[in-house]
Amino acid sequence: MTSLSIPFALDHHGNEVPIDEAERFKANYYRCPECKEIVNPRKGDQRKYFAHKSGVLDETDCSLSSQADVEEMVEELRTSDIEKGEENQDIRVYLGEEPGGRLRLFGVLPSLDWSTIPPGVDIDPLLSDIEVSGSGVERTPVGRSFHPSEPEVTFELDPRSEKYLVEIDGPDRLDDILGEWTADGPTSGDLFVGDQTRARRFQENRQIKHGEWVYVLADAVDVELPDIVETYSLADWTVLAFPARPETEALLEEYSTGLTTDEYGFDADIVLPAHAHPTSDAPISSKPRDAIFVGVVPAPEQDPIFEIVSIPKRHGETVELESTGPGNPRYFKSTLPAQGSKRISVHQRNSSRHRLVHLHAEEDPTEGAQETGIGDIGLSIGHGEDSIHLGPLDEESEYTFPSDFQPQTLPGTITYTGPEGLNLEITGEFPTTYEGNSPLVRTTTNLESFLPNLSHWVNQGCSSVSVEFDGIGTVELNFSEVTSGGNA
Ligand SMILES: [Zn+2]
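Be aware that the sequence shown starts at 93, since it is given in the numbering used here, and climbs by one per residue.
This is the structure we're talking about:
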């Protein structure tokens with residue numbers, strides 16, 4: 093009998109553990125995601141997988157009977173928690189602090205997506221035919237709230253309510269949002285994770301990353317709490333608020349159910365747009381077609397496969413990110429849509445780990461919009477009266493300096509634009525060996541301070557320089573025509 097290659101199993105919290113992260117010598121610990129019987133990691137040089145403990149399948153029927161069943165399970169994990177919730181018509185429930193320190197409980201529903209509105213169809217009359225009613229909801233949204241130019245629909249929830257309902261009736265075309273959206277009222281042990289403006293409630297097991305902000309609902313607290321914990325009240329609830337850290341793990345175990353603080357798996361860092369908040373899943377507004385650049389950092393020494401999944405999945409192909417080696421960041425590049433939202437989930441394959449990234453195109457985004465025109469990551473090159481922009485994300489990313497260019501003016505000629513502290517790798521090519529080796533490679537996080545060295549390189553005959561923007565792409569500077577340097 094051949095054993096199935098099951099790529100993940102469950103740990104004792106019920107979390108999916110990808111085979112790469114399984115501890116090889118932890119025997120009889122992991123469980124089959126289907127039949128829940130013991131599976132053991134097999135990690136050979138060629139293949140790595142979990143297999144049912146021998147004898148298990150003689151006594152138990154496991155519905156994982158073919159590789160196709162396994163594939164189906166892997167595909168199932170690819171669907172983000174956000175999409176599953178929306179299919180189920182769940183209201184997403186959040187806690188956040190208002191200026192002044194009051195806590196607010198609010199619900200979020202998706203707005204309409206432009207892609208579901210056929211071209212030529214006027215959206216406004218459709219929206220005015222929507223009727224919304226709600227219970228447990230303090231200000232019920234109206235039809236217009238669901239306009240696709242809105243990133244999402246938010247509304248206040250009454251923390252005393254046991255059940256929330258938003259019922260939406262309207263034209264069939266708006267099928268995506270019609271129906272009864274529901275959520276349960278707050279209960280003791282509810283856990284909200286995110287940041288202080290916006291933390292999402294998780295009712296299932298949720299792995300928490302150190303540094304995330306946590307709110308836990310409790311009936312009453314009669315013990316002395318560590319200084320790190322702030323307490324709030326929300327109707328009759330006591331809310332404990334604290335950052336997830338090693339020293340707050342005991343607190344999480346005591347007050348909250350269904351919680352794990354195991355290795356979280358990965359970080360998704362939104363480099364562009366630069367004003368994106370690192371931990372919140374709030375929509376990020378930026379101009380239409382602005383660059384999107386997301387760095388995904390796996391856990392130390394792990395080299396899992398990450399993929400970008402559209403929300404919902406049918407809206408786009410799943411993109412696999414190129415591996416860059418264990419523990420190294422890998423990158424996803426894209427652009428904002430011309431209008432409306434783009435929602436993607438960064439997913440670690442063979443796990444239920446998903447990170448929502450919600451980008452929303454606005455002509456005049458209010459927050460952080462005018463920062464630097466940060467979509468212009470790259471180099472500006474002064475060229476007479478004008479300046480030329482060379483970006484690693486642009487089609488055109490090479491510039492040839494004219495023959496009369498004076499290398500010593502480089503520091504006043506080149507300006508860096510982009511996120512502060514980005515790692516740049518600068519490679520200079522020399523036709524003849526310089527200092528015994530060519531090319532020369534240097535790294536810097538401060539290009540301006542490096543430019544005098546670059547002048548020196550060109551004076552020594554450097555013919556071309558490539559500037560690599562930390563995995564994003566490369567800009568080429570060509571000095572081969574410059575006659576005033578050593579090329580003369
Ligand atoms: Zn099984």
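Heads up, the beta-carbon is just placed ideally off N, CA and C, and yes, glycines get one too. The model shown is predicted, which means the values in this text are computed figures rather than measured ones.
Spatial neighbours of residue i in its chain, beta-carbon cut-off 6 Å, leaving aside the 5 residues before and after
i      : result
Pro523 : Ser555
Ala374 : Arg290
Gly460 : Its pLDDT being 47, under 50, Gly460 is placed unreliably by the model, and nothing is read from it.
Gly465 : For Gly465, the predicted model reports a pLDDT of 42, less than 50, meaning its position is unreliable; a value from the coordinates is still stated below. So no residue of the chain qualifies.
Check: residue i C-beta below 7 Å from any heavy atom of ligand 1
i      : result
Glu168 : no
Leu156 : yes
Glu322 : no
Glu129 : yes
Glu151 : no
Glu163 : no
Glu568 : no
Glu108 : no
His144 : yes
Gly126 : Before going further, note that residue 126 is Glu rather than Gly in the sequence given. Flag set: Cβ of Glu126 near ligand 1.
Cut-off 7 Å between Cβ atoms - residues of its own chain near residue i, not counting five sequence neighbours on either side
i      : result
Ser372 : Gly286, Asp287, Thr289 and Arg290
Arg184 : Gly177, Gly199, Val200 and Arg292
Tyr508 : Leu471, Leu539 and Glu540
Ala430 : Pro380, Arg381 and Ala453
Glu463 : Its pLDDT being 44, under 50, Glu463 is placed unreliably in this model, and the coordinates cannot settle the point.
Thr536 : Leu516, Ile518 and Phe542
Nearest candidate by alpha-carbon position, reference residue i, set the options
i      : options                           : result
Gly483 : Ser495, Gly470 and Phe493         : Gly470
Asp562 : Asp112, Glu346, Val313 and Phe424 : Phe424
Gly271 : Gly277, Phe571 and Asp261         : Asp261
Phe398 : His105, Ser97, Ile98 and Asp112   : Asp112
Trp329 : Asp282, Val315 and Ile300         : Asp282
His475 : Thr575, Phe493 and Leu485         : Phe493
Arg435 : Arg441, Asp395 and Pro404         : Pro404
Gln295 : Asp311, Pro263, Asp173 and Glu455 : Asp173
Ala312 : Lys145, Glu346 and Pro335         : Glu346
Gly432 : Gly136, Pro202 and Ser146         : Pro202
Pro392 : Ile222, Phe358, Glu316 and Leu218 : Phe358
Leu266 : Ile320, Tyr256 and Ser207         : Ser207
Bridge partner(s) assigned by DSSP for residue i
i      : result
Asn570 : Thr492 and Ser556
Lys145 : Note: Lys145 sits in no beta bridge, so no partner.
Trp305 : Gly286 and Pro335
Arg196 : Gly188
Tyr256 : Ala275
His481 : Ser472
Val438 : Ile400 and Arg447
Ser377 : His452
Arg292 : Tyr186 and Val285
Arg422 : Val388
Tyr508 : Leu471
Proximal residues to residue i (C-beta, below 8 Å), its chain only, five neighbours per side dropped
i      : result
Thr232 : Val224, Ser225, Gly226, Phe247 and Val258
Glu190 : Arg196
Ser489 : Gly470, Leu482, Gly483, Gly565, Thr566, Val567 and Glu568
Tyr122 : Ala101, Leu102, Asp103, Val109, Ala114, Ile130, Val131, Asn132, Pro133 and Phe142
Run of the alpha helix (DSSP H) containing residue i, from where it starts to where it stops
i      : result
Lys176 : Asp173 to Glu179
Ile215 : Ile215 to Ser220
Pro584 : Residue 584 falls outside the range modelled here, since the chain spans only 93 to 580, and no answer is possible.
Ala160 : Gln159 to Arg170
His367 : His367 -> no alpha helix (DSSP H), and no H or E assigned at all.
Leu343 : Glu341 to Tyr347
Delimiting residues of the beta strand (DSSP E) encompassing residue i
i      : result
Arg447 : His446 to Ala453
Asp361 : Phe358 to Leu364
Trp329 : Trp329 to Pro335
Asn599 : Residue 599 is absent from the structure shown; the chain starts at 93 and stops at 580.
Ala383 : Ala383 to Pro390
Phe542 : Taken as a continuous stretch (DSSP letters only), Phe542 belongs to no beta strand (DSSP E), being part of the alpha helix (DSSP H) at Leu539 to Asn551.
Leu532 : Leu532 to Thr536
Ala101 : Phe100 to Leu102
Leu326 : Glu322 to Leu326
Pro110 : Glu108 to Pro110
Phe247 : Glu244 to Glu248
Leu516 : Leu516 to Glu521
Gly513 : Counting along the chain, Gly513 falls outside any beta strand (DSSP E), and DSSP gives it neither H nor E.
Ligand 3 heavy atom lying under 7 Å from the CB of residue i
i      : result
Ser495 : Looking at this structure, you won't find ligand 3 anywhere; what it does contain is ligand 1.
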